[in-house]
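First the structure, in the form of structure tokens, and then the observations on it.
Residue numbers (UniProt numbering): 1 to 69.
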């Protein structure tokens, strides 16, 4: 397996080398990498969160432990 692996840039679709020689991988450039980071910062991407189920039989949501003061 000696071929260079190329993958489409997740931002612009241009093919980029997926190897340590590409410091921006999987992106094709610093611009695409920074643009993607900006999208996360502006909440254009979100990770779906499912709330924990209620504590069984209590009808009350479990509370996180208090931090030591």
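Glycine included, every Cβ here is placed at the ideal spot set by N, Cα and C.
Option nearest residue i by Cα separation, candidates the options
i: residue 10; options: 37, 52, 3 and 64; result: 37
i: residue 19; options: 28, 46 and 13; result: 28
i: residue 31; options: 48, 12 and 49; result: 12
Pairwise C-alpha distance: residue j and residue i
i: residue 16; j: residue 63; result: 46 Å
i: residue 40; j: residue 3; result: 33 Å
i: residue 24; j: residue 52; result: 37 Å
i: residue 45; j: residue 35; result: 12 Å
i: residue 42; j: residue 5; result: 31 Å
i: residue 65; j: residue 33; result: 38 Å
i: residue 26; j: residue 67; result: 39 Å
i: residue 7; j: residue 50; result: 32 Å
Unbroken beta strand (DSSP E) run spanning residue i, endpoints
i: residue 6; result: 6-8
i: residue 17; result: 15-17
Three-state secondary structure (DSSP) of residue i
i: residue 30; result: helix
i: residue 35; result: helix
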